[in-house]
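A.B. asks: Below is a structure I'd like to ask you about.
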Amino acid sequence: MTWSLEPSGTYTVASLWRFIDETILPKTPVGAWQWNNLVPGKVNILAWCVCYRRLPTRVNLKNIGIRSLTSCPLCNIVEESESHLLTKCQFSQEVWRSVQKWWYMLPLLFGSLNEMLQCRNLAPGSDNLHQIQEAVVLIYIWVIWKFRNDRIHSNTIKSFKTLANEVQVHWFLMGEFGILGDVPNYSRRAFGVSLFHRVDIC
Ligand SMILES: [Zn+2]
């Protein structure tokens with residue numbers, strides 16, 4: 019018996035996810051969502067929800083008729099949309115800046131949600147590097163969303179530095195099940211250099 023999704027006939031998880039991407043998952047507003055097999059399925063599914071603007075943010079809940087506050091639970095200043103929560107919120111931006119320092123990046127902020135979700139395609143470099151940099155973004159999204167829920171339901175308070183540390187912790191915890199934990203410092207520097215080049219081409 020051979021695996022028809024690989025030319026070699028050998029089963030690989032990557033080929034299965036590629037098949038799901040191309041045949042099952044519908045197109046998203048930012049193009050076909052590509053499963054990132056460096057992070058767990060729950061993290062990919064959350065990102066998929068972000069792509070479709072399906073997160074139960076306060077603005078989305080209001081739009082479907084569920085009475086709710088619309089203010090962002092992290093800053094209490096602006097309405098909580100996906101775009102605001104993940105790219106525009108002052109608190110989230112501080113978390114991302116700290117993550118960037120860890121990855122030796124220049125202090126660049128994503129201009130839009132689409133730009134964040136397409137980060138895999140924005141910077142030059144190898145496919146492996148692209149997947150790694152996207153994995154960082156996906157873990158950041160996971161940490162922000164989890165904290166946002168804890169903030170609403172348990173009134174949890176954390177600093178942006180604590181959350182940035184949680185991004186690192188999740189990175190290494192997930193690495194126990196994959197390759198993330200094996201990514202050494204020089205690769206993080208390469209990621210930073212990659213984004214540095216992005217400054218030149220923009
Ligand atoms: Zn906010």
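Numbering (the working numbering), first residue to last: 19 to 220.
For each residue, glycine too, the CB sits at the ideal point set by N, CA and C.
Quick check on the DSSP output: the alpha helix (DSSP H) that includes Q108 runs from which residue to which?
C.D. replies: In the sequence shown, the residue the question calls residue 108 occupies position 90. Per DSSP, Q108 belongs to the alpha helix (DSSP H) from Q108 to W120.
A.B. asks: How about L126: is its C-beta nearer than 9 Å to some C-beta of chain D?
C.D. replies: The chain inventory of the structure shown lacks chain D, comprising one protein chain alone.
A.B. asks: What first and last residue would you give for the alpha helix (DSSP H) that runs through L23?
C.D. replies: For this step, residue 23 is matched to residue 5 along the sequence shown. Unbroken run through L23: none, as it is neither H nor E.
A.B. asks: Taking the DSSP output, what are the residues bridged to S89?
C.D. replies: Here residue 89 corresponds to residue number 71 of the sequence shown, with the count starting at 1. For S89, DSSP records a beta bridge to E97.
A.B. asks: Output needed for Q111: all residues of its chain with C-beta closer than 7 Å, excluding positions within five of it in sequence on either side, in chain order.
C.D. replies: As a position in the sequence shown, residue 111 is number 93, starting the count at 1. Only L127 meet the Cβ criterion.
A.B. asks: Could you tell me whether any non-hydrogen atom of ligand 1 is closer than 8 Å to the CB of H148?
C.D. replies: Reading the sequence shown from its first residue, position 130 is the one you call residue 148. No; taking the cut-off as 8 Å, the Cβ of H148 has no heavy atom of ligand 1 nearer than that.
A.B. asks: Per the contact definition of three or more C-beta pairs closer than 8 Å, is the stretch 88-103 in contact with the stretch 151-166?
C.D. replies: yes
A.B. asks: In three-state DSSP terms, what is Q151?
C.D. replies: Walking along the sequence shown from the start, residue 151 turns up at place 133. Reduced to three states, the DSSP call for Q151 is helix.
A.B. asks: Look up V57 in the DSSP assignment and say whether it is helix, strand or coil.
C.D. replies: Working through the sequence shown from its first residue, we reach residue 57 at position 39. Here V57 sits in coil by DSSP.
A.B. asks: Which one of A182, I84, N183 and C67 has the shortest CA to CA distance from N132?
C.D. replies: Residue 132 sits at position 114 when you count from the first residue of the sequence shown. Measuring from the Cα of N132, the nearest candidate turns out to be C67.
A.B. asks: Mapping DSSP to helix, strand and coil, what is S130?
C.D. replies: On the sequence shown, position 112 is the one that residue 130 refers to. In this structure, DSSP gives S130 a state outside helix and strand, which the three-state scheme calls coil.
A.B. asks: Given V185, which residues of its chain have a CB within under 7 Å of its CB, disregarding the five upstream and five downstream residues?
C.D. replies: The residue you call residue 185 lines up with position 167 of the sequence shown. So the qualifying residues of the chain are V117, I157, Y158 and V161.
A.B. asks: Assign F190 to buried or exposed, taking buried as 16 or more other Cβ atoms, counted over all protein chains shown, within 10 Å of its Cβ.
C.D. replies: As a working note, residue 190 is residue 172 in the sequence shown. When all chains shown are included, F190 counts as exposed.
A.B. asks: Rounded to a whole number of angstroms, what is the C-alpha to C-alpha distance between L147 and N139?
C.D. replies: For the purposes of this step, residue 147 is taken as residue 129 along the sequence shown, with counting starting at 1. For the purposes of this step, residue 139 is taken as residue 121 along the sequence shown, with counting starting at 1. Looking at the two C-alpha atoms, the distance is approximately 11 Å.
A.B. asks: Report the option in R115, T174, N78 and N173 whose CA atom is closest to the CA atom of N183.
C.D. replies: One-based indexing of the sequence shown puts residue 183 at position 165. R115 is the residue among R115, T174, N78 and N173 whose C-alpha sits nearest the C-alpha of N183.
A.B. asks: Output the distance between the C-alpha atoms of N55 and L92, rounded to the nearest integer angstrom.
C.D. replies: As a first step, residue 55 must be located in the sequence shown, where it is residue number 37. As a first step, residue 92 must be located in the sequence shown, where it is residue number 74. When rounded, the distance between both Cα atoms is 29 Å.
A.B. asks: Hey, out of A153, V96 and S99, whose CA is closest to W121's CA?
C.D. replies: In the sequence shown, counting from the first residue as 1, residue 121 sits at position 103. Of the listed residues, the one whose Cα sits closest to W121 is A153.
A.B. asks: Go through its chain and collect everything with a Cβ distance to L64's Cβ below 7 Å, but skip five positions before and after it.
C.D. replies: Here residue 64 corresponds to residue number 46 of the sequence shown, with the count starting at 1. I159, W160 and W163.
A.B. asks: Cβ of E100 versus every heavy atom of ligand 1: is any distance shorter than 8 Å?
C.D. replies: On the sequence shown, position 82 is the one that residue 100 refers to. Checking the Cβ of E100 against ligand 1 gives no.
A.B. asks: In this structure, does DSSP put M192 in helix, strand or coil?
C.D. replies: In the sequence shown, counting from the first residue as 1, residue 192 sits at position 174. Looking at M192 - three-state DSSP - the assignment turns out to be helix.
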